[in-house]
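Under UniProt numbering, the sequence shown is numbered contiguously, ending at residue 378. Only one structure is covered here, and it is reproduced in the block below.
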Amino acid sequence: MKEVRESLPIYSWKKNILDSLRTHRVLILVGETGSGKTTQLPQYILESHMTAPHKRIAVTQPRRVAAITVAQRVAAEMNTTIPNGPVGYCVRFDDTTSPATRLKFMTDGMLVREALLFPDLANYSVIVLDEAHERSLQTDILFGIVKRALASRGVKNDLRVVVMSATLDVELFHNFFADSNPAVLRIPGRTHPVDIFYTIKPLPDYLDAVLITTLQIHLDEKDNAGSILVFLTGQEDIETMETLLNDYATRLPPHVPKLWVCPIFAAMPRETQMLAFEPAPPHVRKVILATNIAETSITINGVRFVIDTGIYYCQRSFVGHMETLQIEPISQAQAWQRSGRAGREAPGVCYRLFPEAKFEELAARAIPEIKRVRVGVS
């Protein structure tokens, strides 16, 4: 495990990171995909003994499945267990922390709730805000809470904040935390080339296109055991595609490897979600059907092929304060994050189920949720 950790790109930046945190109250860290920032940086801080013995390191994630899986990975690397060890996680209806917990992985929303009781976040020496680029309503509220805590604890100078992401508007966050004179570090990733293919023209039925593309990859690449990651809009599309693929899987020729379909979306039971992270058995190809949860928040090993529908469910407020989820195009940043999932471990392929001209029309970044919904409804 030590050799694996030291092989990650972020390892050579360990001293720079810790030095920056000792001399600056805020660190903005842009770590490309595959750099190891999410699992390694919290461990570096803990190992440095930078935190007070009675205080914790908080690491936030936008989604519960990410908080849980990252905590489990870090605990495994530290050769400890959850619960009752130095690593724990806290998500809605599931808190594994104990008095022994030093590294606390949690959703943005849980830290927001905690701040209602402890506005200065006095239980923490370091707060790491991961996946900051997502700009969910809870995340943006948390930025304000953390900025206020920095100001209220300024005399003691006993709080450090790390704002972290693979795709981050550095200038925006630098300006927001300007009072704390933030340090900025950019860490390269470890990715492989990804070939990207577009459709010639718009497709009338994206679910039909997903089905055809998935089966074509499976049949044409039967000697390549890589998994297929499919980005769909939500639970209904995922369950429909799961049924279709399982039906076709029963009719595959005997010489073709079997298909193992693994859905993953927010409303699933945690035990079922975890199946998507299990390695496929020999002579079986895994197909992961996911929402945009798989863009950056979670990492599923073994993916060589990505199928990108180019759409996602987006929450919006309309006249009369009505809240609705509607299907909208993703941004270019989201598209690059999706394609990058295919190149983490080896060269990969991404099939974008829309024309290249459509990609050029996409917004560079998604609109932050706080600009799309009525504050107070999330």
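Don't be surprised by glycine CBs; every beta carbon is placed ideally from N, CA and C. Source: prediction; values computed, not measured.
When the cut-off is 7 Å and only beta carbons count, does residue i lie next to chain B?
i    : result
W336 : Looking at the structure shown, chain B is missing, and only one protein chain is on hand.
Given residue i, which residues of its chain have a CB within under 6 Å of its CB, disregarding the five upstream and five downstream residues?
i    : result
V163 : I28, L129, A132 and F173
I264 : Q273, A276 and A290
V91  : R64, A67 and T107
P193 : P347
A363 : S331
V377 : Legend: pLDDT at V377 = 46, less than 50; position of this residue unreliable, value from coordinates given subsequently. Excluding positions up to five away in sequence, the list reads E323.
W13  : I187
N181 : none
L21  : L27 and R160
E239 : none
Which residue from the options puts its Cα closest to that of residue i?
i           : options                   : result
E295        : P254, S165 and C90        : S165
I288        : K201, F197, E242 and P86  : E242
L353        : Y11, E221, I212 and S297  : I212
V309        : I300, D208 and R285       : Before going on, a small fix: residue 309 reads as Thr here, not Val. That would be D208, whose Cα lies nearest to the Cα of T309.
A183        : L252, R5 and T23          : T23
P62         : V155, T38 and P53         : T38
F231        : M268, Q337 and I200       : Q337
R304        : S339, R56 and S7          : S339
residue 379 : I17, A122, S7 and I293    : Past the edges of the chain, shown from 1 to 378, lies residue 379, and the structure says nothing about it.
E6          : L21, N175, Y44 and S20    : Y44
T60         : C262, L203, E114 and R341 : E114
Q216        : D94, A249 and T69         : A249
K222        : Q235, L203, L252 and E236 : L252
V170        : F93, L185, Q235 and H49   : L185
F359        : T214, L325 and P202       : P202
Q235        : Y313, S20 and T69         : Y313
D179        : A149, L168, P204 and T191 : A149
L325        : S297, P281 and R372       : R372
T69         : E361, L21 and S297        : S297
G109        : R374, T139 and S98        : T139
D237        : N157, K156, V155 and I327 : I327
Taking the Cβ atom as the reference point for each residue, do residue i and residue j lie within a distance shorter than 7 Å?
i    : j    : result
I82  : A75  : yes
H283 : P257 : yes
A58  : K104 : yes
V126 : T51  : yes
V30  : F177 : no
V210 : I307 : yes
P279 : R135 : no
R102 : L46  : yes
T233 : I145 : no
G88  : T80  : no
I196 : C350 : yes
Y124 : R56  : yes
State the CB to CB distance for the pair residue i and residue j, rounded to an integer number of angstroms; the pair is presumed to be in contact (CB under 8 Å).
i    : j    : result
I370 : L137 : 5 Å
E356 : Y198 : 4 Å
R270 : T299 : Their Cβ separation, rounded to whole angstroms, is 17 Å, which puts R270 and T299 out of contact at 8 Å.
Q315 : E323 : 7 Å
T214 : L168 : That pair is no contact at about 32 Å.
Keeping to the same chain, check which residues put their C-beta closer than 8 Å to that of residue i; ignore five residues upstream and five downstream.
i    : result
R285 : H218, A225, G226, S227, I228, P257, K258, L259 and W260
G189 : P9, G31, E32, T33, G34, S35 and A166
L100 : The question names Leu, yet the displayed sequence has Ala at residue 100. Hits under 8 Å: N84, G85 and P86.
K15  : none
S152 : P119 and D120
I293 : R63, V65, A66, I264, F265 and A266
T191 : E32, T33, G34, G340, G343 and R344
P281 : W260
Leaving out five residues before and five after residue i in sequence, what residues of the same chain have Cβ atoms less than 7 Å from its Cβ?
i    : result
Q72  : I82
P329 : G310, I311 and L362
#### Entry: Entirely enclosed alpha helix (DSSP H) segments - the segment 315 to 359, minimum 4 residues
332 to 340
### Query
Counting only runs that start and end within the segment 130 to 196, where is the alpha helix (DSSP H) found for 4 or more residues in a row?
137 to 152 and 170 to 176
### Task
Tell me the start and end of each unbroken beta strand (DSSP E) in the segment 284 to 315 that is at least 3 residues and wholly inside, in chain order.
284 to 290 and 303 to 308
### Task
Only counting runs of 4 or more residues, tell me where the alpha helix (DSSP H) segments fall wholly within the segment 101 to 135, in order along the chain.
108 to 117
### Query
Quick one: complete alpha helix (DSSP H) runs, 4+ long, within the segment 250 to 281?
270 to 273
### Query
In chain order, which beta strand (DSSP E) runs of at least 3 residues are fully inside the segment 38 to 75?
56 to 61
### Task
Identify every run of the beta strand (DSSP E) within the segment 206 to 239, keeping only runs that are complete inside it and at least 3 residues long; order them along the chain.
227 to 231
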